[in-house]
Amino acid sequence: TRRTAQRIETAYRQLCRLDPAADGVPGNQITAARRKAARLGWSGPLAWDDNIDAPAAQPDCGTDAHRFTVSQLAATRSAD
Numbered sequence: 271t272r273r274t275a276q277r278i279e280t281a282y283r284q285l286c287r288l289d290p291a292a293d294g295v296p297g298n299q300i301t302a303a304r305r306k307a308a309r310l311g312w313s314g315p316l317a318w319d320d321n322i323d324a325p326a327a328q329p330d331c332g333t334d335a336h337r338f339t340v341s342q343l344a345a346t347r348s349a350d
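Structure follows, in structure tokens:
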């Protein structure tokens, strides 16, 4: 329902900005997780800020670089 979607959006906006260190996550684990995300080409949560529900959405990473679809990225990785 619309109410559920709004509640999820509100919770997401609150949670996506939390600092893991403030919850006791060690710095080396935070760094490792961020490096892994970068290595795998994952976009941060705010890259999907306005269009996450659109089926053809692409993350807005603030660059003009080529943006891969999930299937394109999978094909690229399987070719390696």
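Going from the sequence shown to our numbering is simple: count from 1 and add 270. Heads up, the beta-carbon is just placed ideally off N, CA and C, and yes, glycines get one too. The structure presented is a predicted model; accordingly, all values stated were derived computationally and were not measured.
Got a sec, what are the start and stop residues for the alpha helix (DSSP H) residue i sits in?
| i | result |
| --- | --- |
| Thr-280 | 272-285 |
| Ala-307 | 297-309 |
What is the C-beta distance between residue i and residue j, in whole angstroms, given that I count them as a contact (C-beta under 8 Å)?
| i | j | result |
| --- | --- | --- |
| Ile-300 | Ala-291 | 6 Å |
Would a C-beta distance cut-off of 9 Å place residue i and residue j closer than the cut-off?
| i | j | result |
| --- | --- | --- |
| Leu-310 | Cys-286 | no |
| Tyr-313 | Pro-329 | Before going further, note that residue 313 is Ser rather than Tyr in the sequence given. Contact: yes. |
| Ala-327 | Trp-318 | yes |
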